[in-house]
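Undergrad: The structure is given below, and queries will be raised subsequently.
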Amino acid sequence: MKSSVVMYDLNVQPQTKKIKIREDTFAKHKQLESLIDKDDTLSRQLILRSKYLLGTENGPYSLDAGLSMLLDAMHLTSPKFDLDQISRGLYTENEIKLINNMANCYIRAGRHYDAIDILKPLFRYLQTNLKNIPPNRAQIPMVAFNYARELEIVKRYNDAIEIAEYARKICIDYGVYTSLSGILMILAECYYHLKDHEKSIELYRQSYYLFKIIEDERNLAIIKTEAKKISWIGTRLNITQETVNHMV
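For the sequence shown, position 190 matches number 189 in numbering that gives the first Met the number 0, and the numbering has no gaps at all.
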């Protein structure tokens with residue numbers, strides 16, 4: 000199984016809703032741009048990142064276009080930023096999001112090792128600064144989700160579990176639950192690949208009910224599909240159909 004969990008993105012919304020969101024947001028961009036000063040770098044950075052997240056009318060920006068836009072946004076507040084020297088910087092909350100978005104550019108292009116090269120130092124940076132910069136605690140699960148997912152995709156399952164478990168603990172200890180459902184699902188998938196199917200089933204169940212609480216129908220459907228696959232091999236693995244049924 001590939002890592003299947005999907006986080007919120009305009010590009011996975013229904014087409015009519017997507018068009019409306021784009022129109023409303025672009026109108027707000029124009030309104031904001033008419034009000035801000037030329038030297039208001041924070042607002043300009045916010046607008047550039049928002050435009051990146053909105054994507055084009057046909058979907059996400061290409062790798063080169065997306066990276067260019069995000070780097071332009073980054074250089075507004077960190078002129079000397081170097082994507083190859085992430086560990087040497089000090090970053091604001093918004094800059095952390097920008098770097099995470101840069102990794103997403105590579106993820107969408109299927110360049111998973113390049114994404115890992117960005118996410119690894121960014122994750123280590125957040126670990127180092129956890130106690131010194133409390134707001135960054137909320138960013139750790141977001142970055143860890145992408146990092147663990149990419150490690151899973153390249154079949155580094157034990158490494159993915161280590162990162163996801165660290166993020167799971169952060170979510171619980173600091174009450175940061177936005178990424179928790181997805182992190183649990185990554186753990187479930189990794190344990191499935193490592194043939195610890197009993198643990199995998201339990202993690203799928205936990206992830207399922209969290210997605211149900213937040214009414215994330217898309218990821219609920221994905222988990223049900225994965226559960227059917229587990230059910231199909233259940234008899235060979237000594238996992239009862241009743242166990243799987245309780246999850247869905």
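Virtual Cβ for every residue (Gly too), placed ideally from N, Cα, C.
Just so it is clear, the structure is predicted and the values come from calculations on it, not from any experiment.
In the DSSP assignment, what residue or residues form a beta bridge with residue 55?
TA: For the purposes of this step, residue 55 is identified with residue 56 of the sequence shown, where counting begins at 1. Partner(s): 58.
Undergrad: Taking the CB atoms as reference points, tell me whether residue 143 and residue 114 lie closer together than 8 Å.
TA: In the sequence shown, counting from the first residue as 1, residue 143 sits at position 144. In the sequence shown, counting from the first residue as 1, residue 114 sits at position 115. No, these two residues do not count as a Cβ contact at 8 Å.
Undergrad: Where residue 125 and residue 109 are concerned, what is the direct C-alpha to C-alpha distance, given to the nearest angstrom?
TA: Taking the sequence shown and counting its residues from 1, the one referred to as residue 125 is at position 126. Taking the sequence shown and counting its residues from 1, the one referred to as residue 109 is at position 110. Roughly 25 Å separates the two Cα atoms.
Undergrad: Just verifying my parser: in three-state terms, what is the DSSP assignment at residue 19?
TA: If you number the sequence shown from 1, residue 19 lands on position 20. Three-state result, residue 19: helix.
Undergrad: Helix, strand or coil for residue 174 per DSSP?
TA: Residue mapping note: residue 174 aligns to position 175 of the sequence shown, counting from 1. Reduced to three states, the DSSP call for residue 174 is coil.
Undergrad: Note down, one range per segment and in chain order, each alpha helix (DSSP H) of at least 4 residues found wholly within the segment 163 to 211.
TA: With a minimum length of 4 residues, the continuous alpha helix (DSSP H) runs that stay inside the segment 163 to 211 are 179 to 192.
Undergrad: Helix or strand or just coil, what does DSSP make of residue 119?
TA: Position 120 of the sequence shown, counting from 1, holds the residue named residue 119. It is helical.
Undergrad: By a C-beta neighbour count over all protein chains shown, 10 Å radius and 16 as the cutoff for buried, is residue 119 buried or exposed?
TA: One-based indexing of the sequence shown puts residue 119 at position 120. Per the 10 Å Cβ criterion, buried.
Undergrad: Counting pairs of Cβ atoms below 8 Å between the segment 201 to 220 and the segment 177 to 188, do you hit three or more?
TA: As far as the Cβ criterion goes, the segment 201 to 220 touches the segment 177 to 188, which means the pair count is three or higher.
Undergrad: Under DSSP, the alpha helix (DSSP H) around residue 142 begins and ends at which residues?
TA: Start at 1 with the first residue of the sequence shown, and residue 142 comes out as number 143. Where residue 142 is concerned, the enclosing alpha helix (DSSP H) stretches over 138 to 152.
Undergrad: Quick check on this structure: which residue in 169, 106 and 53 has the alpha carbon closest to the alpha carbon of residue 146?
TA: Reading the sequence shown from its first residue, position 147 is the one you call residue 146. For the residues 169, 106 and 53, the minimum Cα distance to residue 146 belongs to 106.
Undergrad: Starting from the Cα of residue 23, find the closest Cα among 34, 44, 50 and 39 and give me that residue.
TA: As a first step, residue 23 must be located in the sequence shown, where it is residue number 24. Among 34, 44, 50 and 39, the Cα nearest to that of residue 23 is on 50.
Undergrad: Quick one: residues in its chain with C-beta nearer than 6 Å to the C-beta of residue 85, no 5 flanking neighbours on either side, listed in chain order?
TA: One-based indexing of the sequence shown puts residue 85 at position 86. The answer, listed in chain order, is 120 and 121.
Undergrad: Please look up how many angstroms separate the CB atoms of residue 44 and residue 92, rounded, as I've assumed it's under 8 Å.
TA: Residue 44 sits at position 45 when you count from the first residue of the sequence shown. Residue 92 sits at position 93 when you count from the first residue of the sequence shown. Not really, about 12 Å apart at Cβ, beyond 8 Å.
Undergrad: Does the ligand ADP have even one heavy atom less than 7 Å from the beta-carbon of residue 54?
TA: Among the ligands in the structure shown, none appear at all, so the ligand ADP cannot be discussed.
Undergrad: Roughly how many whole angstroms lie between the Cα atoms of residue 79 and residue 150?
TA: The residue labelled residue 79 in the question sits at position 80 within the sequence shown. The residue labelled residue 150 in the question sits at position 151 within the sequence shown. Roughly 29 Å separates the two Cα atoms.
Undergrad: Given a cut-off of 8 Å, decide if residue 53 and residue 71 are closer than it, judged by their beta-carbon atoms.
TA: Counted from its first residue, the sequence shown places residue 71 at position 72. Counted from its first residue, the sequence shown places residue 53 at position 54. Cβ distance not < 8 Å, so residue 71 and residue 53 don't count as in contact.
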